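Top to bottom, those sequences are chains A and B.
This note's numbering numbers the first residue of the first sequence as 11 and each following residue consecutively.
This note's numbering numbers the first residue of the second sequence as 407 and each following residue consecutively.
Glycine is no exception: its CB is placed at the ideal position from the N, C-alpha and C atoms.
In this text, all values refer to a predicted model and were calculated from it rather than measured experimentally.
Data first, discussion second: the structure below is written as structure tokens.
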Amino acid sequence: MPFALLKYGLNGDFPFEKDADLPPPVSLKKRYDVVIIGGGGHGVATAYYLAKYHGITNVAVLEKGYLGGGNTARNTAVIRSNYLTSDGVKFYSESVKLFQNLSNEFDFNIMYSKRGQLTLAHTDAAIRGFRQRTEVNKHFGGKTELIGPKEIKELVPTLNMNPGHQPVLAGLWHMDGATARHDAVAWGYAKGATQRGVELHQLTEVTDVVVENGKVTAVKAKQGSVDHIIECGVVVQAVAGHSSLLAEKAGFRLPITTYPLQAMVTQPVKPFLDPLVSSPAFHCYVQQTGRGELVFGGGSDPYPLYNSRSTLELKEELLAHAVELFPFMANLKLMRQWTGLTDMTSDYSPIMGESPVQNYYLDAGWGTWGFKATPICGKTMAELVATGKTPSLIKPFGAERFNDFRQVNEMGATAASH
Amino acid sequence: MNNPAPVFRDRLPEPMGLMLERQKTVEFIFEGERITGIKGDTLGSALLANQQWVWSRSFKYHRPRGPLTLAGHDANSLVQLPNEPNALADRVPAIDGLDVTGQNVNGSVKKDKDAVLNHFGRFMPVGFYYRAFYKPKGVWDWWEKQIRVKAGLGIADLKFKPEYYDKAFLHHDLVVVGSGPAGMMAALKAADAGADVLLLEEHTLLGGSLAYSEFSDCNNPEQLRQELMAKVRQHANITVMTEAVCNAWFTDNWLPVLQGKRLYKVRAKQCIMVTGAYEQHVVFRGNDIPGVIFSSAVMRLMKLYAVKPGERAAVLTGNEDGYLTALMLNRQGIQLCAVIDMRQASELSHTEKNLVDQLHQKGVQVRFGQTVYEAKGSQRLEFIEVRAITSPGEVSASLETIPCDLLCMSAGYMPAYQLICQAGGQLSYDDQRAAFSLRNLPDNLYIAGSVNGIHRLSAVMKDGERAAIEALNALELSDEAVPDVFCDQKVNFHWPIFKHPKGKDFVDFDEDLQVKDIVNATRMGYRDIQLVKRFSTVGMGPSQGRHSALPTARLVAKATQRTVSETGVTTARPPLTPEKLAYMAGRGFDPYRLTSMHYRHLELGAKMIPAGLWMRPAFYPKEGQRLTGSAASPLLLQARNIRNACIENESLHVRTKVGLIDVSTLGGIELRGPDAAELMNRIYTFGFLKQPVGKTRYAVLTNEQGVVIDDGVACRFDEDHFYVTATTTGVDNVYRLMTFWNTQWQLDVDITNVSSAYAAVNLAGPDSRKVLEGLTDLDLSREGFPYLACREGFLNVPGCEHKIPARFLRVGFVGELGYELHVPSRYGEVLWDILMAAGQPFDIKPFGVETQRLLRLEKGHIIIGQDTDGMSHPSEVSLGWAVSKKKPYFNGCRAVDIVMKRPQTRKLVGFRLSAEYLVQNQKPEEGHIVLSDTGSDSSITGNVTSCEYSPTANAIIGMAYVGIEQSEEGGQFPIRVDGGSVVMASVVSLPFYDKEQTRQEA
């Protein structure tokens, strides 16, 4: 038994006030230096790093629902850095490094679990792409290897090596691949930010953005039936799934199309699968959580929609593929199916940085890959807000790249791996 | 069986035991012990008939757990079957020979070594795992492994072979979900009016609560059930499905129904959800001890399975159902040691007072305003401690401890809301009735019966009819006025939660969560119900909050000073009940496409590989395959495998003689109409308006980011007729793009994807003209049918008068004299046969797609998707010549203009390496990276896209993206190969082979 638990067990009155992770709700102030719209992982991480590294604490995070209740709650918590482009690998590798230290930094266990991620190649074209990702990753110090069927069988003995008419030919074995308790990441950041004076306002929906002379000056927000106008120096928007809608309120358009993305989970069974396994050809990935549940994800829905309904069709297709890859799973039982909204860009990379509105910063276009970037995105966005200068790590991801077609294409490295 | 087995004597007499066929026994094994039951028993009822009350161990504390609902609604009944974890003991029929064990136990369910965790509960407060195991840094890796071993419930059979499951579709005017009294009344009413009705029942018996429950306004529910059932069964307009679970609601009444080994996908014009209500437990210390059970469960046990539930029973109630249960127990001869009503006597309705009188007449006294404060017992209930309720949730000092082995709880109901909330319905809490009800129902969906908050049988039946009238009106089968159905019966006790300082007062049995866990979650800052769920895991277990949602909402509301309505419950996600993946997977279709020559390839022993959805021959291995080429040095031979040998031999054969490859998988799009050329001109980068009839032209497609995404050959067969090929995997996208744009442009052109309508081959090699000469009347001479020309004509079939219509394209992909022949797919095999026969005198040999890749590489032709990536714009791949600068528009032109104007940063170049690198295993592979220099801080400037050993060149040749500064001919650039070593490649001009282009133009 770890020592940390003794103090709870031996004191009848746990929890003490100081043990609370999040402070009780407070009233909105008239003005903040920084307003962050969106209380998901990215929003609270940005607030946390603003307070921690830049001493900026007159910050309000406005969340229309509950803390981390959007895509932070809905994603399948894949952490990896085996991307294709140098820009992508450098950025995501920094994120993986930050993740590894978060539990101790927060004093709150995010249950970071380094399991390794295995992506399967069923065609020689896939092998080519995987080899390139392996080499790019290694170049930046990542632990990734292109492995053959024999090694795959050893890593995942339960995998059907001949699913359908597409045998498994090779695998991209990304040893840095990991997962974490996704909610805990948002909670840990919120805890650290609020302890430093940041205000988190849940059930507070931003209804409009006030722009004067090309510069943001305030946001309008609703709490229940009460309207507020909140003045601010700087706004950061971090509202995955609704980025274009909010940008429209600020008066500009984003090159984003929003698609639903579904995931599902079985009842818990005793652990048998350690690595995260993904097959882009079968539009299917699976991992076994710390609770023993199997989480499945796949491709996005085929049409854009702002509705987080689940569909039967996607479930049928995804689970048919899952059963091809792992035939014995036919007898396991599905417990839950859910949906998030993903803001897709044409190059499968995010949009971070300045916007057409002065002092209004964008953290958007996170598609299906936002969770893994939470720490580094928060850190670099905070630096941008504090210094007004775009950190070099996120320079390639500015919105202006769509004007002159300098994209950072990660399409192949994103499909069904998230 | 002649002599009734001893087990029979313990069972209650008929009419108890509706499910049983008393003449037949079944025998199965539970935890190594032989259990004898009666046919019709579930595993659970047979276990209880044999006094086996411990079925499982709880998730966290490993406490013994037994039956709770007997309806398959709780996690206590999860057991392990040989190949199925997490099976519901109270739903799985008892069958002979089944080997059943407990799960999540270290030892057996009776002696679980992990039960020691029960005593360490206080060291495991809610969310304890967020607060420990990570200090000092690094220890988590160790702890995680220890914790992971304890995770999960049952054990998956990793060797399980999937069984046959399939799918079917049904369409009905009205689907009624649930066959209780309201459901049957609704079905009958709608069917009488002419609606085509599907009635779904998840259990074996029709009738819902009529089959097991008692009613204050109906003396003989079984007789009523039989009457209704007979009408339903006989009605021509009603289809009945039993043991059929409507497991979700999807948009537009799209209902997945699980029955047997089949998933029915049901589309309902109208839907009535008669899903009933889940009985709710009372929260007190020890409320999980086996023997503490729902009233409804005890009724099911007696009525359906004739099992005597105990010797000394107590009833804890807050509504009339507790009294009905007590009377039923009394009638079956079970001693009632206490009937405890949490309400004051003054709160009872007239009906309830009558029931109390009936109990008095039988000598049973009722205690009012009291509750069970604690239940005790190790593996089965032994005592209850009774206290007076002083205010909501508060109790007096102990009044009495009563020995008993059964405690029936009846504290109220939660509507079975999941399907309705999936459809958009919302729960709101009525403080007066202390109950949730459903609001904001979507169109075409109605609810009736107890899910609608109506519990008195007569009202329930009227409510079924009321819902049917609403559905009929929507179906325009009636225009009857919708009656109001009123029922004032209050079923929920307002605060059945009695916190104990020592805990083990369970709110959520699945997750072992006690009152303090829920309250502490809010005190730690997790105030939103969704955060409470995520932090404490309440409602996340196998029963998905059926019994924890209501007490959690009440506790969180109280702790955060909000109303229960404001607090709400967490979202009800599909599916309703855990569903085997097999239902969704079905028969596991694995569609893939075969060309019409597929079986010829198999006969020739081809190695087949997938290409998109197609299967294609990679090459044709032969036994004893040896290198015959001039390049074969002994060292090289060692480094080459059968694949390489085949490819080299096949390629040399094409270069020197003649080869045949199946290219049927190429996409083909037919454009006909006056605007065909205009459409081509707007879609592809090149100019097509002036393309002469009878000529082909290379067609490149860019997307709106200016990236090259497809290419093909455009043949103009007539002024208003183009036939354009596309890549195997790209054609569907190209076709979609053309039709997408033409929806806006409205050009006068028909666009047809004819990819699979045509089979095609490429006949290539110096002797290809000779092979073809005897087979067609076309002028095949260099002048009559020059390079890049196309013709429509016929192929003669030797020995047959019939001619095959064919399209002839003189193409140069592999760099030799060659003809692509496209024929209707049905002639594909004939085409292959006549060419192979006609080619025999010239030693024709088939070649595969891998050989073709080498041949085209030697010619420096790119393959879209292999030599291009998501950022390749035309000038990077030296296709600037294929982009017309004269026309006003093509797809992607704005982006192409922008990217081609700025300084180029990288370029696809040809490179060459000595063949000796093969021997040293240092051949660059496709995907290896190109570096800026050989220094330790070099950056990545590009990557290898194609690389092969070329027997013709006797060198390793390839194409790679390199930095623009590295792209000069004659220069060298570093490639990092396997093992991390770096080789230097030389930039050479393309093509590698036949730079003068004389061979393909021959």
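Residue i at chain A interface by Cβ criterion, 8 Å
| i | result |
| --- | --- |
| Glu-1322(B) | no |
| Asn-846(B) | no |
| Arg-1150(B) | Before going further, note that residue 1150(B) is Gln rather than Arg in the sequence given. Judged by the 8 Å Cβ criterion, Gln-1150(B) is not in contact with chain A. |
| His-1334(B) | yes |
| Trp-991(B) | This sequence places Ala at residue 991(B); Trp is not what is there. Judged by the 8 Å Cβ criterion, Ala-991(B) is in contact with chain A. |
| Ala-1391(B) | no |
| Val-1388(B) | no |
| Tyr-700(B) | Reading the sequence as shown, one finds Phe at residue 700(B) and not Tyr. Not closer than 8 Å to any Cβ of chain A, the Cβ of Phe-700(B) fails to qualify, so no. |
| Ala-988(B) | yes |
Beta carbon proximity, residue i to chain B, threshold 8 Å
| i | result |
| --- | --- |
| Arg-263(A) | no |
| Leu-335(A) | no |
| Ala-426(A) | At Ala-426(A), the pLDDT of 47 sits below 50, so the modelled position is not reliable and the matter cannot be decided from this model. |
| Gln-247(A) | no |
| Ala-392(A) | no |
| Ala-194(A) | yes |
| His-132(A) | yes |
| Leu-255(A) | no |
| Leu-315(A) | no |
| Glu-104(A) | no |
| Gln-417(A) | yes |
Residues near residue i in its chain [Cβ-Cβ closer than 7 Å; skip 5 each side]
| i | result |
| --- | --- |
| Pro-981(B) | Asn-653 and Ala-654 |
Nearest candidate by alpha-carbon position, reference residue i, set the options
| i | options | result |
| --- | --- | --- |
| Ile-501(B) | Phe-539(B), Val-511(B) and Lys-445(B) | Lys-445(B) |
| Asn-82(A) | Gly-198(A), Pro-177(A), Leu-60(A) and Phe-338(A) | Correcting the residue identity first, residue 82(A) is Thr in this sequence and not Asn. The shortest C-alpha separation from Thr-82(A) is found at Gly-198(A). |
| Pro-957(B) | Gly-799(B), Lys-986(B), Ala-978(B) and Ser-804(B) | Gly-799(B) |
| Ile-795(B) | Val-888(B), Phe-904(B) and Phe-436(B) | Phe-904(B) |
Beta-carbon contacts of residue i that lie in its chain and below 6 Å, excluding the five residues immediately before and after
| i | result |
| --- | --- |
| Ser-1036(B) | Only weak support is given to the placement of Ser-1036(B): the predicted model assigns it a pLDDT of 43, under 50, and the value that follows is read from those uncertain coordinates. For Ser-1036(B), where only same-chain residues beyond five positions count, there are no Cβ hits under 6 Å. |
| Pro-715(B) | Val-704, Leu-707 and Leu-812 |
| Ala-1038(B) | Here the model assigns Ala-1038(B) a pLDDT of 46, short of 50, so the residue's position is not dependable, and the following value carries that caveat. Once the five neighbours on either side are set aside, Ala-1038(B) has no close Cβ partner at all. |
| Ile-746(B) | Leu-722, Arg-773 and Gln-776 |
Same chain only: Cβ atoms within 8 Å of residue i, ignoring 5 sequence neighbours per side
| i | result |
| --- | --- |
| Glu-73(A) | Gly-48, Gly-49, Gly-50, Gly-53, Gly-79, Leu-210, His-211, Gln-212, Leu-213 and Thr-214 |
| Tyr-1005(B) | Glu-1235 |
| Phe-892(B) | Ala-865 |
| Val-432(B) | Thr-442, Gly-443, Ile-444, Lys-445, Asp-447, Ala-452, Ala-500, Ile-501 and Asp-502 |
8 Å Cβ cutoff, residue i in contact with chain E
| i | result |
| --- | --- |
| Glu-985(B) | The question asks about chain E, but that chain is absent: this structure's protein chains are A and B. |
Contact between the stretch 371 to 379 of chain A and the stretch 244 to 262 of chain A is defined here as three or more beta-carbon pairs at a separation below 8 Å; is this criterion met? yes
Taking 8 Å as the threshold, find out whether the stretch 527 to 540 of chain B comes into contact with the stretch 937 to 948 of chain B through three or more Cβ pairs. yes
Sufficient close CB pairs (3 or more, under 8 Å) joining the stretch 554 to 567 of chain B to the stretch 964 to 972 of chain B: no
What are the residues in the stretch 554 to 571 of chain B lying within 8 Å of chain A by C-beta distance? Arg-554, Val-555, Ala-557, Gly-558, Leu-559, Gly-560, Ile-561, Ala-562, Asp-563, Leu-564, Lys-565, Phe-566, Lys-567, Pro-568, Glu-569 and Tyr-571
Chain B contacts made by the stretch 158 to 192 of chain A, where a contact means CB separation under 7 Å: Thr-168, Gly-174, His-175 and Gln-176
Touch test, the stretch 873 to 882 of chain B against the stretch 696 to 710 of chain B, Cβ-Cβ under 8 Å, three pairs minimum: no
Contact list for the stretch 339 to 356 of chain A against chain B, Cβ threshold 8 Å: Met-339, Ala-340, Asn-341, Leu-342, Lys-343, Leu-344, Met-345, Arg-346, Gln-347, Trp-348 and Ser-356
Determine contact between the stretch 1363 to 1382 of chain B and the stretch 1336 to 1343 of chain B, defined as no fewer than three beta-carbon pairs at a distance below 8 Å. yes
Residues within the stretch 263 to 281 of chain A neighbouring chain B, beta-carbon criterion of under 7 Å: Gln-277, Pro-278, Val-279, Lys-280 and Pro-281
Under 8 Å (Cβ pairs) to chain A, residues found in the stretch 635 to 661 of chain B: Ala-654, Phe-656, Thr-657 and Trp-660
Touching or not, the stretch 711 to 728 of chain B and the stretch 485 to 493 of chain B, by the rule of three or more beta carbon pairs under 8 Å? no
Using 8 Å as the cut-off, can you tell me whether the stretch 261 to 280 of chain A makes contact with the stretch 310 to 319 of chain A, which would need three or more C-beta pairs spanning the two stretches below that distance? yes
Quick one: any contact between the stretch 1315 to 1331 of chain B and the stretch 1387 to 1399 of chain B, if contact means 3 or more CB pairs under 8 Å? yes
What are the residues in the stretch 917 to 940 of chain B lying within 8 Å of chain A by C-beta distance? Asn-926, Arg-929, Met-930, Gly-931, Tyr-932, Arg-933, Asp-934, Gln-936, Leu-937 and Arg-940
Cβ contact (3+ pairs, closer than 8 Å) linking the stretch 1142 to 1159 of chain B and the stretch 1301 to 1312 of chain B: no
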